[in-house]
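What follows is a single structure, written as structure tokens, with notes after it.
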Amino acid sequence: MKRTSIFLTLLTGCMMLCRPAHAQFLKNVLNSVKQTAQNRANDKASTTTNKAIDKVDPSAPKPATPTPPAAAGKGPTPPAGDPPSTSGYVRVAVSTNKTIVGSTVKITGFSPINGSLKTVVLTVSGPVPAAAVNIPLKDSGSFSTLWVPAGTGEFRLVFKTADGKAQTTVTISAYPFQELDQITGPTRELVVQAAKKVDDAIERVTGDLTGPDATALEKTKKDFDDKTNAFKKWMDDIDQAGTGLDGLEKKYGNFPTPLQDKFTQMSDDFSDESKQLQDFNGRGDGGGTGGTGGTSGTGATGGTGGPSGTHQSYDNTICEYLAMVSEACAAFSTMLNFETNIVKLVGGIAGDKGGTVAGGDYADAAGAGDNTKIVMQEAGKLFGVAAIDGNEILSMKNSADFCGDIVQMCTSLLMKKYCVVMDGNLQETYTCTFRNKTSDVWWQYSYTAGATISLRYPKGESGHGTIKMKGNIEGNATKFSIYTDMNQMDDFKNASKQRSRVIGICVYAPPSVPFVSSQADKATGFGAVARGIATPAYFNIPIDIDYQVDAQTMKFYVNPALVDFLDVTTKYIYCYLDIALGIPLTTRVDLPINKVQLTLGKVISQNSTFPVRSDKDNNLSITGKGTSKIGPGSAIEHNINFSFTAKSD
């Protein structure tokens with residue numbers, strides 16, 4: 012309401028005071044903002060900022076300038092032909108991008124209310140086009156609606172601001188029941204891939220274990236393989252039931268609402284599972300470093316080296332391969348966490364008597380027509396086998412137990428037997444400040460981040476010289492803050508000649524949680540994949556360490572991140588508003604945020620060596636901190652601080 016009042020005041024003032032010439036002047040200023048604020052702010056926020064950080068160490072990595080999509084935050088990425096608008100803003104999230112024809116798709120979104128622009132226009136094209144629909148915006152700018160595909164095929168849903176200056180497109184595919192495997196397929200494939208990673212990781216590590224340890228690990232893996240095979244058979248049961256539903260629908264027509272609602276929920280559950288996991292699939296590939304409960308990585312070369320130049324990532328050891336087994340198992344557990352919901356849905360269709368009481372008591376309810384009863388009962392019979400197999404899966408040891416046995420063996424038994432492990436916590440604060448020619452701040456943002464830090468090396472290494480260690484820094488931002496006044500930006504002041512001001516409204520802020528998920532998860536051990544899915548502003552960065560045994564020091568090197576502040580969610584988006592003669596003018600500006608690998612990597616490269624202490628039992632501990640100030644008082648200033656502690660078990 013406050014923003015609306017400000018905007019109405021601005022509108023009234025312009026109507027009373029703005030002559031046509033001044034109105035055209037304001038329009039030209041806003042057009043200038045589109046050229047200067049959008050392009051130059053983005054450039055300064057990324058390219059120039061990175062160059063400023065890199066001045067201290069020319070060997071530091073230079074990330075590419077991010078190109079954010081139009082629909083920020085949760086939701087599908089628009090196609091390449093639907094670029095971000097600089098004249099407005101609209102974002103959309105859908106419950107699923109793949110559904111069964113006749114099922115309901117839930118749509119939510121946001122677009123700032125701007126003067127008379129109080130709706131978003133939805134246009135549907137595809138197999139069954141539909142007339143444009145105006146979706147009203149709430150006072151907050153949010154909107155919601157339901158959409159049901161009227162046929163099979165691929166539909167394009169285009170959401171435009173009322174003035175047509177900004178839009179985002181969502182593609183939704185609708186399938187007949189006989190193609191239910193299109194809905195279940197992506198999740199099935201992810202689970203199969205996850206199972207293969209477990210098999211591959213165990214095969215790799217057993218070669219480095221002694222005979223009895225290798226035999227014990229292989230034996231523990233058998234139950235895991237049995238459940239994987241049971242899962243694949245269960246998916247086959249569901250797909251087969253879908254084929255039968257196709258014939259049932261053709262014979263009796265549309266399904267009763269309670270039954271169709273279950274198919275909608277099934278589509279949503281499978282879609283949500285696959286969308287969450289597909290971005291993380293593949294991040295455990297390759298031969299990079301992993302953590303104790305951390306993810307296995309890409310093992311890329313390069314990184315933020317110390318003063319001597321570019322650092323080459325160290326080779327993996329048995330400690331990394333044991334960590335990879337643990338993470339692969341944790342990832343598999345995460346991928347099967349959804350199965351309970353699907354078992355309940357399938358059981359709700361099949362009923363509690365092998366399909367004879369389909370849909371619970373609905374088929375016997377008073378007033379239910381004969382065809383409805385028949386359809387519900389026949390559908391129940393089709394899902395009878397899937398219901399039985401699903402319940403058998405749940406009656407087996409659950410996924411966490413299967414994988415928990417393997418994780419427990421790798422982390423609590425084998426890791427301690429074969430490796431020296433150090434664990435601890437790390438904190439970072441970062442502030443980036445932009446000033447104009449008169450030293451006024453026109454943009455400043457900051458974040459705080461927390462993480463766990465884990466370090467490992469094989470036992471039996473020499474008691475002298477240098478021991479090469481590996482590890483991970485895994486955590487998340489716990490708080491973001493920002494101040495911005497585009498009116499103080501030199502480019503805007505020059506364009507407007509200080510005769511006009513714009514109102515900045517933050518329409519998207521990066522989400523964060525006030526705790527460190529990797530620290531909170533130490534007891535439960537869900538794994539880095541699960542934490543990465545559930546945690547906003549998440550990062551996982553491999554590190555190498557030179558442990559100088561004689562000097563009792565450790566030197567740290569930061570390698571390229573496995574995951575680091577996803578571009579699509581970790582940024583600010585502002586809409587700058589002005590009105591010329593009652594015509595609302597809007598400019599969208601994306602304000603990206605420097606990633607942890609760049610900022611933390613820089614401060615560690617300048618403060619890279621720390622003393623190591625050992626007690627009478629030869630347990631190691633290390634404490635370190637550092638500060639990096641780049642360009643103090645200048646046009647672009649960076650302040651980075653970090654501290655950490657770690658000790659061996």
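Residues in the sequence shown are numbered consecutively from 12, following this note's numbering.
Ideal placement from N, C-alpha and C gives every residue a C-beta, glycine not left out.
Quick caveat, the model's predicted, so the values are computed rather than measured.
If distances are taken between C-alpha atoms only, which option among K129, M246 and G162 comes closest to A141?
G162
Just to confirm the assignment, what range does the beta strand (DSSP E) spanning N618 have?
Here N618 belongs to no beta strand (DSSP E), and DSSP marks it neither H nor E.
Cutting at 6 Å between CB atoms, please list the residues of its own chain near E648, excluding the five before and the five after it.
T444 and G642
Taking only three categories from DSSP, how would you classify D250?
helix
Kindly indicate which three-state DSSP category V8 falls into: helix, strand or coil?
Absent from the model: residue 8. The displayed extent of the chain is 12 to 660, so no value can be given.
Opening and closing residue of the alpha helix (DSSP H) in which T195 lies
D192 to T217
Can you tell me whether V354 is helix, strand or coil according to DSSP?
helix
Have a look at the DSSP bridge pairing and note the partners of G164.
A185
S659 in three-state terms, based on DSSP:
strand
Roughly how many angstroms lie between the CA atoms of I544 and N505, to the nearest whole one?
44 Å
According to DSSP, what are the bridge partners of S282?
The partner list for S282 (beta bridge, DSSP) is empty, contrary to what the question assumes.
State the DSSP-derived secondary structure class of I146, mapped to helix, strand or coil.
strand
Length of the line joining the Cα atoms of E331 and I385
57 Å
If you draw a straight line from the C-alpha of Y587 to the C-alpha of S98, how long is it?
9 Å
Between the alpha carbons of A460 and N650, how many angstroms are there, rounded?
14 Å
9 Å Cβ cutoff met for Q166 and T119:
Contrary to the premise, residue 166 reads as Phe rather than Gln in this sequence. Taking 9 Å as the Cβ cut-off, F166 and T119 do not qualify as a contacting pair.
Given this structure, state the Cα-to-Cα distance separating D234 from F274, to the nearest angstrom.
31 Å
For S511, is the classification buried or exposed, using 16 other Cβ atoms within 10 angstroms of its Cβ as the cut-off for buried?
buried
Buried or exposed: D660, going by 16 or more other Cβ atoms within 10 Å of its Cβ?
exposed
Please report the distance separating the alpha-carbon of A361 from that of N382.
17 Å
Counted within 10 angstroms of its Cβ, other Cβ atoms place Q178 as buried (16 or more) or exposed
buried
Which of the three DSSP states, helix, strand or coil, is assigned to R102?
strand
Is the number of C-beta pairs between the region 191–203 and the region 275–286 that are closer than 8 Å three or more?
yes
Roughly how far, in whole angstroms, is the beta-carbon of K109 from the beta-carbon of S278, given that I think they are within contact range, below 8 Å?
7 Å
Would you call the region 576–585 in contact with the region 626–643, where contact means no fewer than 3 C-beta pairs closer than 8 Å?
no
Span of the beta strand (DSSP E), counted from its first residue to its last, around K640:
L631 to I641
Who does Y585 pair with in a DSSP beta bridge?
C517 and V600
Assigned secondary structure, I651 (DSSP; H/G/I helix, E/B strand, else coil)
strand
With 16 other CB atoms within 10 Å as the buried threshold, where does A657 fall?
buried
For R624, does the count of other Cβ atoms within 10 angstroms reach 16, so buried, or fall short, so exposed?
exposed
Could you name the residues that DSSP lists as bridge partners for S153?
F121
Starting from the C-beta of S114, find all residues in its chain whose C-beta is less than 6 Å away, skip the five residues before and the five after it, and write them out in chain order.
F274, T275 and S278
Buried or exposed for E485, going by 16 or more other Cβ atoms inside 10 Å?
buried
Between the C-alpha atoms of E350 and D272, what's the straight-line distance to the nearest angstrom?
18 Å
Could you tell me the alpha carbon to alpha carbon distance between N652 and F503, rounded to whole angstroms?
32 Å
Would a C-beta distance cut-off of 9 Å place V336 and A212 closer than the cut-off?
yes
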